[in-house]
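Participant:
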Amino acid sequence: MKTRIKELRARYNLTQEDLAKKVGVRRETIVFLEKGKYNPSLKLARAVAKALQTSIDELFLFDE
Amino acid sequence: MEKNKKPKKIAFRVTAIIAFIVILMGMVLASGISEASVSVASAIILVLLVSIFLRYKFPERYQKDERTKKLGAYALAASWMISFILAGTLFWALDAKVIVLSGTQSAGLIFAVMAFTMIIFQGYFLHKGDA
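Chains A and B, in that order, give the protein sequences.
First residue of the first sequence: 1, per my numbering; consecutive thereafter.
First residue of the second sequence: 1001, per my numbering; consecutive thereafter.
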């Protein structure tokens, strides 16, 4: 699974810490999400998508 | 970045020392020395005190979220499974008299393995992720 979190975070000038605080998780969780090493819950995926003003579909890219 | 790295290193070292003490105490207990129970009690108190201190000193390091809870649960399950297999193996090995251990020694061994594997699996899953 790939994500566009890093790209969108940069677009909105947010640090990992800022995003983590916005969605209520640890900074390491954002690091893992960006690397595609963690499968978030639907709730977290939605929160991150909302914080980055996008949709889950556009944020998480799955290899078909 | 650097700010978070230091508490992580300190926490790892302290955890490693605690694990070593617990295993050492388990070995002392297994060797049948009568003062062992006092040592084990001291180790448990030490673990609690250090744990409280670290949580107070580095609260961000111990902040829980869905990832730490989920991966912690994986680690707990894996540790439980290893301990379960060990307990089953011990049961049959003791019953067949392949090895000779007292009840206290068996319990001490399972206790040490459970604590040790929990720390190992937690570190492994938190480092590896789940994707």
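Glycine is no exception: its CB is placed at the ideal position from the N, C-alpha and C atoms.
The structure displayed is predicted, hence computed values, not measured ones.
#1: Using a C-beta cutoff of 8 Å, does Phe60/A count as contacting chain B?
#2: Consult DSSP for Phe62/A and reduce its assignment to one of helix, strand or coil.
#3: Hey, Leu44/A and Glu1066/B: beta-carbon distance below 8 Å or not?
#4: Using 8 Å as the cut-off, can you tell me whether the segment 32-42 of chain A makes contact with the segment 1075-1087 of chain B, which would need three or more C-beta pairs spanning the two stretches below that distance?
#5: List the endpoints of the continuous alpha helix (DSSP H) containing Asp1130/B.
#6: With 16 other CB atoms within 10 Å as the buried threshold, where does Asn13/A fall?
#7: Shorter than 8 Å from the beta carbon of Ala1131/B to some beta carbon of chain A?
#8: Which residues in chain B have a C-beta closer than 8 Å to the C-beta of Val25/A? List them in chain order.
Facilitator: According to the data block:
#1: Stepping through the first sequence from its first residue, residue 60/A is reached at position 60. So, not an interface residue.
#2: Position 62 of the first sequence holds residue 62/A. Under the three-state reduction of DSSP output, Phe62/A falls in the coil class, being neither helix nor strand.
#3: The sequence position of residue 44/A within the first sequence is 44, counting from 1. The sequence position of residue 1066/B within the second sequence is 66, counting from 1. The Cβ atoms of Leu44/A and Glu1066/B sit closer than 8 Å to each other.
#4: No: the two stretches stay apart, fewer than three of their Cβ pairs being nearer than 8 Å.
#5: As a first step, residue 1130/B is located in the second sequence; it is residue number 130 there, counting from the start. Looking at the DSSP string, Asp1130/B is not in any alpha helix (DSSP H), and its letter there is neither H nor E.
#6: Translated into positions along the first sequence, residue 13/A becomes position 13. Flag for Asn13/A reads exposed.
#7: Taking the second sequence and counting its residues from 1, one reaches residue 1131/B at position 131. Ala1131/B counts as touching chain A.
#8: Locating residue 25/A in the first sequence gives position 25, where the first residue counts as 1. Going along chain B in sequence order, the residues near Val25/A (Cβ under 8 Å) are Asp1065, Glu1066, Arg1067.
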